[in-house]
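Using the UniProt record's numbering, the first residue of the sequence shown is number 1, and each one after it goes up by one. Yeah, the Cβ is synthetic: ideal placement off N, Cα and C, and Gly gets one too. This one's a predicted model, so the numbers in the text were calculated from it and none came from an experiment.
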Amino acid sequence: MELQAECLAGVFIGSVWDSLDRTEDDWEYLLDLQVEGGDEQTGVRDHGKGRNIAAWLDKCYEAVSPAACNTWTASASKVA
């Protein structure tokens, strides 16, 4: 569920990013922060691995569509 929330956040961010006058470097920095976070840091399996958080956020940022947020059919390794 948390990864789907990240994905939907990516949809929103993708829809407003240009209006925020942010750069692609800013986006990459944000993704790097996500990779460094996640369940690996807390030891609790409740939000997903950092690399998966970043992947879903980026996928839906690029798609700018909630249709890209189908975490329910993704392989287990992509939603861990």
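Residues bridged to residue i [DSSP beta-bridge criterion]
i, result
"K49", "G38"
Rounded distance between the beta-carbons of residue j and residue i, thought under 8 Å
i, j, result
"E36", "G50", "6 Å"
"A54", "L20", "A54 to L20, Cβ: 19 Å. No contact."
Cβ shell of residue i (< 6 Å), same chain only, five flanking positions each side left out
i, result
"T71", "L3, Q4 and V79"
"W56", "L3, E6 and C7"
"C60", "C7, G10, V11, A68 and C69"
beta-carbon residue i near the ligand MN non-hydrogen atom, thresh 7 Å
i, result
"V44", "The ligand MN is absent from the structure shown, which contains no ligands of any kind."
Pair within 8 Å by beta-carbon distance, residue i and residue j
i, j, result
"C69", "V11", "yes"
"D39", "H47", "yes"
Residues of its chain near residue i, where Cβ-Cβ distance is below 7 Å and the 5 sequence neighbours each way are ignored
i, result
"I64", "The sequence given here has Val at residue 64, not Ile. Correct list, in chain order: V11, G14 and S15."
Below-8 Å beta-carbon distance, residue i vs any chain C residue
i, result
"E2", "In the structure shown, chain C cannot be found, because there is only a single protein chain."
Next on the checklist: Which runs of the alpha helix (DSSP H) at least 4 residues long sit entirely within the region 2-38? Give them in chain order.
Outcome noted: The qualifying runs are 2-16 and 24-36.
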